[in-house]
Each structure stands twice: as structure tokens, then as C-alpha cells.
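J.: I'd like to ask you about the structure that follows.
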Amino acid sequence: MNTSFRQLCVMGIAGFLLVPAISLGAEPEDLIKYRRSVMKAIGGHMSATSLIVRGKVPYKAQLTQHVNALKVLSQDIPALFPEDSDFGETHAKQEIWEEWDNFTKAADSAMKSTEILLKTVEAGNDSELPASFKKVGESCKGCHKDFREKDE
């Protein structure tokens, strides 16, 4: 098994195990730091994926790893926003908690779009990559528009 793939698998398993455990007994400040770190990781994988899909960098062999990381990290976004984590250094809008059902639908849309992108990548369907990746970006943008404060 490839070392990078093995690390990605470990990261995914750790993510599934840590999110519920963290939300049970962690300090709210630490939850916010964790959430911001996960969101930055998603942003990093989105940026890397974009560069690969647009042919700007010669790392197509790593595309599956980036897209799989997006899928894994997006699977439990609502768990990153427990009650009492709506203060301090965060860009999360209050609407997340006030419109929880809409927020979870938006997060689910992001997750589903990453699953579709991963299937496109795994199928080797290069002609569909730009459109599939665009849908992931649109789902992220839609959620950020409604539920994230803009950077100053």
C-alpha cells in the first residue's frame, strides 16, 4: 500500500473517531480551533484539486488522494459545529444554529458533490472532471454564502 494512501486512510479513520469524541468533552475554544483546522485542510485540498483539474500542475497521480480527503473531511461537517461553539475567533454565522436543517442540507450537498467527484476521478472520466469539480466548488460557495462571515 502506498505510504501517502496509508496516511490518508489513517487520517480518515481518525477523523471519524475524533469528531464525535471531541464534541463530547472538549472545550468550546478547542472545538473552534479544530473546526478551523479541518476547514483549512478542505481549502488546501480544494486548491490542490483545482490546480490539477485545470492542468496547472503535473500531479494528476495525486488527484484521487486529494479528492478522497475532501470526501472524508466533508462527511461530518455538521459535527464540527456543536452548540456553544458560536463565539470567539470564528467565521461561523449564527444562522448555522438558527437554521440547522438548512445548514445540514448544505453540508450534505457538499458531501454528495465530493462523492460524485471521487467517482468521476476513479472512473478516469477526465472530460467530466471540470464540471464535477465545479459542482463541489458551487456547493462550498453556497454554504459559505449563507453560513460563513466574509474575511475582512
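Residue numbering for the sequence shown is 909 to 1060, as defined by my numbering.
Glycine residues also receive a C-beta, built at the ideal position from the N, C-alpha and C atoms.
Since this is a predicted model, take the numbers as computed values, not measurements.
Are any of the Cβ atoms in chain D nearer than 8 angstroms to that of Thr1012?
T.: Protein chain content of the structure displayed is limited to a single chain, and chain D is not contained in it.
J.: Classify Ala1039 as buried or exposed, calling it buried when 16 or more other Cβ atoms lie within 10 Å of its own Cβ.
T.: As a first step, residue 1039 must be located in the sequence shown, where it is residue number 131. Per the 10 Å Cβ criterion, exposed.
J.: What residue ranges within the segment 932 to 1012 form continuous alpha helix (DSSP H) runs of no fewer than 4 residues, ordered along the chain?
T.: 936 to 961, 971 to 982, 1003 to 1006
J.: Assuming the contact rule is C-beta atoms closer than 8 angstroms, Glu997 and Ile940 should be a hit. Round their C-beta distance to whole Å, please.
T.: Counting from 1 along the sequence shown, the entry for residue 997 is found at position 89. Counting from 1 along the sequence shown, the entry for residue 940 is found at position 32. Right, their Cβ atoms sit about 7 angstroms apart.
J.: Below 8 angstroms between beta carbons: does that hold for Leu988 and His953?
T.: Here residue 988 refers to the residue found at position 80 of the sequence shown. Here residue 953 refers to the residue found at position 45 of the sequence shown. Contact flag unset, no.
J.: Flag this pair as yes or no: are the beta carbons of Pro990 and Phe1011 separated by less than 8 angstroms?
T.: One-based indexing of the sequence shown puts residue 990 at position 82. One-based indexing of the sequence shown puts residue 1011 at position 103. In this structure, Phe1011 does not lie closer than 8 angstroms to Pro990 by Cβ.
J.: Identify the continuous alpha helix (DSSP H) that holds Glu1046 and give its terminal residues.
T.: Your numbering for residue 1046 matches position 138 in the sequence shown. 1037 to 1055 is the extent of the alpha helix (DSSP H) around Glu1046.
J.: Return the Cβ separation of Ala1014 and Phe1055 in integer angstroms, given the expectation that the two are a contact with Cβ distance under 8 angstroms.
T.: Taking the sequence shown and counting its residues from 1, the one referred to as residue 1014 is at position 106. Taking the sequence shown and counting its residues from 1, the one referred to as residue 1055 is at position 147. Yes, Ala1014 and Phe1055 are in contact; Cβ-Cβ is about 7 angstroms, under 8 angstroms.
J.: State yes or no: is the C-beta of Asp1009 within less than 8 angstroms of the C-beta of Pro936?
T.: As a working note, residue 1009 is residue 101 in the sequence shown. As a working note, residue 936 is residue 28 in the sequence shown. Against a cut-off of 8 angstroms, the Cβ pair of Pro936 and Asp1009 comes out as no contact.
J.: Comparing alpha-carbon positions, which option in Met947, Ser1047, Leu981 lies nearest His999?
T.: Reading the sequence shown from its first residue, position 91 is the one you call residue 999. Taking only the C-alpha atoms, the option nearest His999 is Met947.
J.: Report all residues from its chain with a CB closer than 7 angstroms to the CB of Ala956; omit the five preceding and five following residues, and keep chain order.
T.: Taking the first residue of the sequence shown as position 1, residue 956 is located at position 48. Excluding sequence neighbours, Ala956 sits near His974.
J.: By Cβ distance, which residues of its chain are closer than 7 angstroms to Lys1058, with the 5 residues on each side in sequence left out?
T.: Along the sequence shown, one-based indexing puts residue 1058 at 150. Counting only Cβ-Cβ distances below 7 angstroms, and skipping sequence neighbours, we find nothing.
J.: Does the beta-carbon of Ala1018 have 16 or more other beta-carbons within 10 angstroms, so that it is buried, or is it exposed?
T.: As a position in the sequence shown, residue 1018 is number 110, starting the count at 1. By the neighbour-count criterion, in which a residue is buried when 16 or more other Cβ atoms sit within 10 angstroms of its Cβ, Ala1018 is buried.
J.: Using 10 angstroms around the beta-carbon of Arg962, count the other beta-carbons present and answer buried if the total reaches 16, otherwise exposed.
T.: Counting from 1 along the sequence shown, the entry for residue 962 is found at position 54. By the 10 Å Cβ count, Arg962 comes out exposed.
J.: So Leu981 packs on Ile1024, CB below 8 angstroms; how close in whole Å?
T.: By 1-based counting over the sequence shown, the position of residue 981 is 73. By 1-based counting over the sequence shown, the position of residue 1024 is 116. The Cβ separation is near 16 angstroms, so there is no contact.
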